[in-house]
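Residue numbers (the numbering used here): 7 to 316.
All residues carry an ideal CB built from backbone N, CA and C; glycine is no exception.
Here's the structure, in structure tokens; my notes come after.
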């Protein structure tokens, strides 16, 4: 089997306060040697180490909102990067107030960073990062305080290489095959031009991941998750506690499943569970009654997302 497009490691899956079973919100996403961290709750770096994730690939940290269970592990991690002599720049994305928090902690702890921290606060729908192969978007959700959800989306991949057609067009085996597979036009020894479109099938979709916590069900969550291969969504409460969940700016596991169904995602993983729940099987049953392809996250659980081949 081909290497996964994304490998997701749930470092913390609880809400509010840590328990012996669940640390606080943090999700690591690996993609082609690059690592993204979504939220950074208390003890995130301990879980990071337990998961065997190295500091070097860490490319960006995205903080959803400024509640403590999503951000109190951040300074410890940033300071550990300094202790590890990090030299590469690090992107830090989040809501208004994140910069003040980091600057205040640096003053109080009398610490500085030897690496460049590219801190960017956003207060609305935005494109956080765009490269030749993927983009990272953010949009406001519906919590008690300003909160961002995120969408990590690969660009479409080139279509399948048609070896028979390439041979018929006179392309010799070797480096020219790779050029065509990358979408380039090649020139044969006799001067003939062969365009990639002649030997490649239709473009294939890239992988898409959405991360939405903490929030009531809302249109923004559905749009962030539209067509995603994996939606990571909060399920702080069971399905009988809709009023309490919405009053506190949260979702039930049934809400999570409904958002997944409306967005047409391939898979749902529910995280951010209240510490009141010891047995998650009833919650899983409630969600699967609405969206069958649902899992409940647990600390250090890994999920691999592979490319669709259509």
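Excluding residues up to 5 positions away in sequence, 241, 244, 259, 283 and 302 lie with their Cβ nearer than 7 Å to the Cβ of residue 289 in the same chain. Sequence-distant Cβ neighbours of residue 271 in its own chain, meaning closer than 6 Å and more than five residues away, are 231, 234 and 237. Among the bridge pairs identified by DSSP, residue 146 is matched with 154. Within the same chain, 207 come within 6 Å of residue 166 by CB-CB distance, once the 5 residues on both sides are set aside. In this structure, DSSP gives residue 111 a helical state, which the three-state scheme calls helix. Under the three-state reduction of DSSP, residue 70 is assigned to coil, being neither helix nor strand. By a beta-carbon distance limit of 8 Å, residue 19 does not contact residue 36. Their separation comes to about 18 Å. Taking the C-beta atoms as reference points, residue 159 is found no nearer than 8 Å to residue 183. Using a Cβ-Cβ distance cut-off of 8 Å, the stretch 67-84 and the stretch 93-113 are in contact, since at least three pairs of beta carbons, one from each stretch, lie closer than that value.
Spanning the alpha carbons of residue 308 and residue 34 requires a straight line of approximately 9 Å. Runs of beta strand (DSSP E) with 3 or more residues, each lying fully within the stretch 247-278, are found at 274-277, listed in chain order. Closest in alpha carbon position to residue 195, among 203, 175, 187 and 213, is 175. Just so you know, the alpha carbons of residue 312 and residue 161 end up roughly 14 Å apart. Short of 7 Å from the beta carbon of residue 296, and not among the five residues preceding or following it, lie these beta carbons of its own chain, in chain order: 260, 263, 264 and 267.
Counted as a single uninterrupted DSSP element, the stretch harbouring residue 37 is not any alpha helix (DSSP H) but the beta strand (DSSP E) occupying residues 32-37. Residue 228: not part of any beta strand (DSSP E); member of the alpha helix (DSSP H) spanning 225-231, first to last residue. Look at residue 203 here: in three-state DSSP terms it is helix.
In the DSSP assignment, residue 291 falls within the unbroken alpha helix (DSSP H) covering 287-294. Here the C-alpha atom of residue 304 lies approximately 23 Å from the C-alpha atom of residue 63.
Distance from the Cα of residue 117 is smallest, within the candidate group 84, 223 and 104, for 84.
DSSP places residue 314 in no beta strand (DSSP E); its state is neither H nor E.
Rounded to the nearest whole angstrom, the C-alpha separation of residue 120 and residue 91 is 7 Å. Under DSSP, residue 280 forms no beta bridge with any residue. Contact between residue 123 and residue 96 holds, since their C-beta atoms are separated by about 6 Å, short of 8 Å. Comparing alpha carbon positions, the residue from 68, 48 and 88 closest to residue 61 is 88. Going by C-alpha positions, residue 209 is about 14 Å away from residue 190.
If you draw a straight line from the Cα of residue 229 to the Cα of residue 40, it comes to about 25 Å.
According to the DSSP assignment, residue 184 belongs to the alpha helix (DSSP H) that extends over 181-187.
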